[in-house]
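J.: In our numbering, each number is its position in the sequence shown, counted from 1, plus 41.
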Amino acid sequence: MKRICPRCGKSSHDAEFVGEFCASCYPVEIKCPSMVEVAKCSRCERLLGPRGWVKEGQFDFDLLIKRNCKGKFIEVKFDPVGGLAVFWVKAGSGETKVERKVELRVQKGICSDCTRRTGGYFEGNIQLRGEERKVQKFAMKIANELEKKSFIAKIEELKEGIDIYFGNRVAAIDALNEFGLSYYRTEKLAGERNGRRLYRTTLLVRLGKKEE
Ligand SMILES: [Zn+2]
Ligand SMILES: [Zn+2]
């Protein structure tokens, strides 16, 4: 039996049908808020996404929309400039695209890293020791890695090597692991803040023959 789509008038001879509609007019239940807010740090320009503070280029807008919209969709792509979310949904034996307008609103503020950085905060230091050439090379690599995930409070060049003061000890340990560097860890009590004991972590790295 030939069917006519009540929305666009296409016939079932020309298009695939799902129920009484053609596949492209098939009503799909997708609920999106008309606006989604994203926090942006005015100092470092990073955005707060589903995976923490990241640079705009690394921000997962698709995931943000996925978390904020409800419905049975296979995939979603979001264009933050045009504020258009495109959903792929199952329709019959194939897939069809459904569009929703979602305005992206940016809330300006200061991220926790920038607040701490300007307050002179740090959680400890990495002490790089050994041959000067290697110390320089690894200092650069580690500094790059730390800047990606957290921040560096200061870098001190000393006679015996380089000290990198870091804002986050987890990020610091991750960076050392990333480059396969072993370290000797010590903790020192540095005082109290709001009734909590503050520790400073020193990670001593001796660059020897095996580290290249
Ligand atoms: Zn139709
Ligand atoms: Zn910031």
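Ideal Cβ placement from N, Cα and C applies to all residues, glycine included.
Which residue comes first and which comes last in the alpha helix (DSSP H) that contains I183?
T.: By 1-based counting over the sequence shown, the position of residue 183 is 142. Start and end: E173 to K190.
J.: Does the distance from the CB of T137 to the CB of A194 come in under 7 Å?
T.: By one-based count along the sequence shown, residue 137 stands at place 96. By one-based count along the sequence shown, residue 194 stands at place 153. Not closer than 7 Å, so no.
J.: Terminal residues of the continuous beta strand (DSSP E) containing A213?
T.: Locating residue 213 in the sequence shown gives position 172, where the first residue counts as 1. No beta strand (DSSP E) contains A213, which is instead part of the alpha helix (DSSP H) from R210 to E219.
J.: Which residue comes first and which comes last in the alpha helix (DSSP H) that contains K107?
T.: On the sequence shown, residue 107 is found 66 positions in, with the first residue counted as 1. Counting along the chain, the alpha helix (DSSP H) containing K107 begins and ends at F102 to N109.
J.: Taking the runs of the alpha helix (DSSP H) that are 4 residues or longer, which of them lie wholly in the region 58-122?
T.: With a minimum length of 4 residues, the continuous alpha helix (DSSP H) runs that stay inside the region 58-122 are 102-109.
J.: Looking at L187 and A231, is the spacing between their C-beta atoms short of 7 Å?
T.: As a position in the sequence shown, residue 231 is number 190, starting the count at 1. As a position in the sequence shown, residue 187 is number 146, starting the count at 1. Their beta carbons are not under 7 Å apart, which means A231 does not touch L187 by this criterion.
J.: Report the CB separation of N166 from I205 in whole angstroms; it is logged as a contact under 8 Å.
T.: Along the sequence shown, read from residue 1 onward, the residue named residue 166 stands at position 125. Along the sequence shown, read from residue 1 onward, the residue named residue 205 stands at position 164. N166 to I205, Cβ: 6 Å. Contact.
J.: Report the CB separation of G90 from F100 in whole angstroms; it is logged as a contact under 8 Å.
T.: Sequence index remark: in the sequence shown, residue 90 carries index 49 (1-based). Sequence index remark: in the sequence shown, residue 100 carries index 59 (1-based). Yes, they are in contact, since the Cβ atoms of G90 and F100 sit about 5 Å apart, within 8 Å.
J.: Should R146 be labelled buried (16 or more other beta-carbon atoms within 10 Å of its own) or exposed?
T.: As a first step, residue 146 is located in the sequence shown; it is residue number 105 there, counting from the start. R146 is exposed by the Cβ-count criterion.
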